[in-house]
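Be aware that the sequence shown starts at 25, since it is given in this note's numbering, and climbs by one per residue.
Think of the CB as a built atom: it goes at the ideal place given N, C-alpha and C, for glycine as much as any other residue.
Just below is one structure, and these are the notes that go with it.
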Amino acid sequence: MSAGSHARHGRRRLWRYGTPAMLLLCGGLFAVSFTSSDGTDLRAGRYTDLASLVQAESDAYENLRARAASLNTQVADLTDQVGDSSVRRAKRKVARLEDPAGLVAHEGAGLRVVLSDSPLSADDTSEPLNYLIVHQQDIQAVVNALWRGGAVAVTVQGQRLISTTGIKCEGNSVTLQGVPYPQPYVIEAVGDPSTLQAAVDSDSYLALYRAQSAQEDIQVGWEMSVEDDVKAPAYDGLLDLSYATPLD
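Set out below in structure tokens:
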């Protein structure tokens with residue numbers, strides 16, 4: 025038999041025996057996978073259990089925040105032990121910036137706004153369902169109006185807001201600084217109540233929201249009240265902004 029014929033016979037034997045062997049191996053792997061997963065998707069829980077995923081992210085954020093607070097305390101303790109004049113100047117500069125950065129607690133008279141989803145369901149109205157729920161832009165509109173009204177400090181769900189705080193919708197909740205909160209959404213501001221209320225009343229976006237809150241077939245929740253004692257704790261979240269450039 026020639027060398028070429030011998031090579032062809034070798035390839036035929038390889039296909040004849042190798043192909044069934046590979047099929048048996050794949051079948052064995054499928055069987056092991058099925059047994060391990062008990063007939064379910066091995067990784068389905070990672071994607072279908074959204075509530076657990078959100079809670080896991082929240083827990084991870086809380087752990088990071090606690091670790092950051094501990095490290096900041098250590099840095100402050102070590103800094104206090106340094107007697108260098110340049111360090112003392114830097115500390116005085118930081119102390120002056122803590123209040124405008126939201127790192128100092130405030131308390132006093134102010135305004136409270138509560139936003140909530142409508143009690144109506146799809147069977148109760150012909151209006152778009154989108155009108156029946158509170159969106160992140162609704163919360164942001166209230167916050168922006170309060171800032172324009174000269175608020176000294178603003179909180180949402182008791183969490184102090186700073187310039188880098190993001191308000192994001194996550195399903196039927198709003199996430200602030202990595203933590204999800206359900207409605208109703210309580211927004212409070214420390215400042216002159218009459219000025220704050222005037223800023224809210226003059227906002228065109230909120231005027232539309234309030235009109236919809238009074239509409240019988242929408243009834244999205246709106247409450248506003250003057251408060252004698254609003255507490256705005258210091259921001260205690262992560263400060264991960266490396267630098268910022270002032271807007272012109």
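From Thr179 to Gln221, what distance separates their C-alpha atoms?
-> Computed Cα separation, rounded: 16 Å.
If you compare alpha carbons, which of Ser140, Asp83, Glu122 and Gly134 is closest to Tyr209?
-> Residue nearest to Tyr209 within the set Ser140, Asp83, Glu122 and Gly134 is Ser140 (criterion: CA-CA distance).
Pro217, enclosing beta strand (DSSP E) - first and last residue = Run containing Pro217: none in the beta strand (DSSP E); it sits in the alpha helix (DSSP H), Pro217 to Asp225.
Taking buried to mean at least 16 other C-beta atoms within 10 Å of its own C-beta, is Ser142 buried or exposed?
-> With 16 or more Cβ atoms within 10 Å of its Cβ, Ser142 is classed as buried.
From Asn196 to His130, what distance separates their C-alpha atoms?
-> Their Cα atoms are separated by approximately 30 Å.
Could you tell me the boundaries of the alpha helix (DSSP H) in which Tyr259 lies?
-> Secondary structure note for Tyr259: it is in no alpha helix (DSSP H), with a DSSP letter that is neither H nor E.
One or two residues paired with Gly132 in a DSSP bridge | DSSP, once it has assigned bridges, lists Val254 as partnering Gly132.
Where Gln161 falls, given that 16 or more other Cβ within 10 Å makes a residue buried | Around the beta-carbon of Gln161, fewer than 16 other beta-carbon atoms lie within 10 Å, marking it exposed.
Does the beta-carbon distance from Val254 to Gly134 come in below 7 Å?
-> Yes, the pair counts as a contact, with Cβ atoms nearer than the cut-off.
Where does Thr97 land, buried or exposed, given buried means 16+ other C-beta within 10 angstroms?
-> Burial state of Thr97 is exposed, judged by a 10 Å Cβ sphere holding fewer than 16 other Cβ atoms.
Going by other Cβ atoms of all chains shown within 10 Å of its Cβ, with 16 needed for buried, is Ala80 buried or exposed?
-> Burial check for Ala80: the Cβ neighbour count within 10 Å stays below 16, so the residue is exposed.
Is the stretch 227–245 close to the stretch 152–168, with three or more CB pairs under 8 Å?
-> The stretch 227–245 makes contact with the stretch 152–168: 3 or more CB pairs, one atom from each, lie closer than 8 Å.
How long is the line joining the alpha carbons of Val176 and Asp147, rounded to whole angstroms?
-> Their Cα atoms are separated by approximately 43 Å.
How big is the Cα-Cα spacing for Met248 and Ile191?
-> Taking the straight line joining both Cα atoms gives about 20 Å.
Is it the case that the CB of Val128 approaches a heavy atom of the ligand ATP more closely than 6 Å?
-> Among the components modelled here there is no ligand, and therefore nothing to report on the ligand ATP.
What is the DSSP secondary structure of Thr97, reduced to helix, strand or coil?
-> Three-state result, Thr97: helix.
Where do the ends of the beta strand (DSSP E) carrying Ser197 lie?
-> Boundaries of the beta strand (DSSP E) harbouring Ser197: Ser197 to Leu200, taken from the DSSP string.
So who's on the other strand from Ile211, going by DSSP bridges?
-> Its beta-bridge partners are Val137 and Val180.
Taking DSSP as the reference, what is the three-state secondary structure of Ile191?
-> In this structure, Ile191 counts as strand in the three-state DSSP scheme.
Under a Cβ-count criterion, where at least 16 other Cβ atoms within 10 Å of its own Cβ denotes burial, should Asp62 be classed as buried or exposed?
-> Low confidence applies to Asp62: its pLDDT is 49, below 50, so where it sits in the model is not reliable, and the reading given next is rough at best. With fewer than 16 Cβ atoms within 10 Å of its Cβ, Asp62 is classed as exposed.
How many angstroms separate the CA atom of Pro217 from the CA atom of Glu251?
-> Their backbone Cα atoms lie some 8 Å apart in a straight line.
Helix, strand or coil for Ser237 per DSSP?
-> Three-state result, Ser237: helix.
What does a CB cutoff of less than 7 Å around Asp83 pick up in its chain, not counting 5 residues either side in sequence?
-> No residues qualify anywhere along the chain.
Does the Cβ of Leu121 have 16 or more other Cβ atoms within 10 Å, making it buried, or fewer, making it exposed?
-> Leu121 comes out exposed.
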